[in-house]
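J.:
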Amino acid sequence: MLTEDVKTVIVTLGLLAESEGILAELYEVCGSASGDAAFWGALAKQERGHSVNLKEMARLIMDANGDGFEVERRFPANAIQSFMQYVRDNLAGVRNGSIKGIKLYQLAREIERAVLDQRYPDVVKTENRPFNALMKKIIVETEGHLRVIEERIGEQIG
0 MLTEDVKTVI VTLGLLAESE GILAELYEVC GSASGDAAFW GALAKQERGH
50 SVNLKEMARL IMDANGDGFE VERRFPANAI QSFMQYVRDN LAGVRNGSIK
100 GIKLYQLARE IERAVLDQRY PDVVKTENRP FNALMKKIIV ETEGHLRVIE
150 ERIGEQIG
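Residue numbers for the sequence shown follow numbering that gives the first Met the number 0, beginning at 0 and rising by one.
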């Protein structure tokens, strides 16, 4: 039987998956707005992958009935929802042209830093290898996003 803490983690993973989907949408729109569609499209594709991975991580917890998964820290749903609203608000700014040029990359850098600051790995402790592999993939890719975004900013600054 799933404990309330584990149920909360499953809901949290679902919200995080949703936030990754919204981030993918933002990056797709940045691609259209910037003329750098290949760059943004690659980021969007990985964000969609993160969403799939987070859903898979929730499934792994459910399939194990929570056994072997220890809740390390709670992740407030309202914080995730606020993050999603922030991304949506900026998505509107990209769509209406108020965020453009180098500001697109600076926004993405800020968002990727925020994602890393959320410390996904601190939510659940487990020895479940598939779960940990998915978590590691998300973190490594997010660190890569930050790196390539910072490179793009450097190229534009000159």
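Where a beta carbon is used, it is the ideal one built from N, C-alpha and C, also for glycine.
Compute the Euclidean distance between the alpha carbons of Ala63 and Phe130, then round it to the nearest angstrom.
T.: 11 Å
J.: Helix, strand or coil, according to DSSP, for Val123 in the structure here?
T.: strand
J.: On a Cα-Cα basis, can you pick out the residue from Ile156, Ile148, Gly153 and Gly157 that is closest to Cys29?
T.: Checking every option, the nearest Cα to that of Cys29 belongs to Ile148.
J.: Can you check DSSP and say which residues form a bridge with Val8?
T.: Its beta-bridge partners do not exist; DSSP assigns none.
J.: How many Å lie between Met134 and Ile152 at the Cα?
T.: A direct Cα-Cα distance of roughly 27 Å separates Met134 from Ile152.
J.: Give me the DSSP bridge partner(s) of Phe68.
T.: Thr125
J.: Output the distance between the C-alpha atoms of Ile98 and Val86, rounded to the nearest integer angstrom.
T.: 12 Å
J.: Taking Ala107 as part of the alpha helix (DSSP H), name the residues at either end of that continuous run.
T.: Ile101 to Asp116
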